[in-house]
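The letter at position 306 of the sequence shown is residue 306 when you use full-length UniProt numbering, and the numbering goes up by one with no holes. In this text, a Cβ means the ideal position worked out from N, Cα and C, and glycines have one as well. Working notes for the structure below.
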Amino acid sequence: MAGIERGSIRATVLIETLPAVFQMDEILYELRDHSVGLNCGRWDYIFSYVKTFQGHPDRLLPDRFQVGMGQHFMRSYSDLLIRTCHRRGVHAMGGMAAQIPIRDDPKANEAALNFVKTDKLREVRAGHDGTWAAHPGLIPAIMETFVNNMENTPNQIQTMKREDAANMTEEDLLQIPRGVRTMEGLRLNTRVGIQYLAAWLTGTGSVPLYNLMEDAATAEISRVQNWQWLKYGVLLNGDGLGIRVNQELFGRVVEEEMARIEKEVGAERFKRGMYKEACKIFTRQCTAPTLDDFLTLDAYNHIVLHHPKGSSKL
């Protein structure tokens, strides 16, 4: 009706759920006139892994920062996406770099940029054609990494077929993540989850926390991991404490982390913010007998109930 030819507008499709990785060919076929490729939505993918296997105590995740692209199941997901895209002649996009520039600490900023460069170099060498970032300040470093390692080609569709991924199995895509679980992991999940929710309730959907850009996907990892650890009474032995996660321990952690948040953001901001409301929602979802589908559904109900005429920037 608008006079635009079919196929004029195209986009990449995020593969960010575990079931979708088994249907990438089908997704590309159905969207063949509208898609230029697939994209690794790695943070939501990790969330989906926990959600899919929520009833399997043998598939508990280690601390969230240990669940990166070096894990076999994540690397397999990336490799299969590249092969699938390049077989179909479309682009395979890498995952989001969550780091953000650290303005007041040059040394820490350099370390963060080096981490991003290493991550993006891995993507280029794996065969990705492009990537994305959480902050525009990362773009120069990312562009430099891709340009210097793609041998003057606009993409790697013809040069990186990834036939080695042809024998990918279900076991490769579902392999249990390796790593340890620690008290600090539980604390960080709690601190990040509450602060993200507090921002979300006031209309902000992406929040810089501890030099990373947190969004709903990364906050979901914090929530479902806490829920998983509580449900199955995980042993926190990575830091030598040997403590099992239970309701009493979690309640103490929540109380202590709320005090830490107040100290970090300041008493006045804490009082004006939605931290207490966020804490109630996050705690309820982490301790619920069954896993809620999404963190933000509960939070949205709070917005509708208490701010019926409000607007948001989510």
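Fully enclosed alpha helix (DSSP H) runs of no fewer than 4 residues occupy 72-87, 106-126 of the region 49-127, in order along the chain. Per DSSP, ASN39 is one residue of the beta strand (DSSP E) stretching across 35-40.
DSSP places GLY137 in the helix class (H, G or I) of the three-state scheme. Beyond the five residues adjoining it in sequence on each side, ASN155 comes within less than 8 Å, by CB distance, of HIS91, ASP129, GLY130 in the same chain, given in chain order. Along the length of the region 202-251, whole alpha helix (DSSP H) runs at least 4 residues long occupy 216-231, reported in chain order. Spanning the alpha carbons of THR12 and ILE243 requires a straight line of approximately 44 Å.
Remark: C-beta atoms of LEU173 and LEU80 approach each other more closely than 9 Å.
Collapsing the DSSP output to three states places THR290 in coil. Ranked by Cα distance from ASP164, the options THR283, GLY266, HIS86 are led by HIS86.
Between ALA219 and the set PHE270, CYS286, ALA267, the nearest pair of CA atoms involves CYS286. ALA11 carries a strand assignment under DSSP once its states are collapsed to helix, strand and coil. Taking VAL67 as the centre and dropping the five residues before and after it, the same chain places the C-beta of ILE46, LEU61, PRO177 closer than 6 Å to its C-beta, in chain order.
Straight across, the Cα-Cα distance linking PRO208 with THR290 is about 30 Å.
If you draw a straight line from the Cα of GLU214 to the Cα of THR182, it is about 21 Å long.
GLY185 is positioned such that its CB atom lies closer than 9 Å to that of LEU236. When only Cα atoms are considered, GLU123 and ASN148 end up about 13 Å apart.
Judged by DSSP in its simplified three-state form, THR145 adopts helix. Taking each of THR204, GLY37, ASP292 in turn and checking the Cα distance to ARG223, the smallest one comes out for ASP292.
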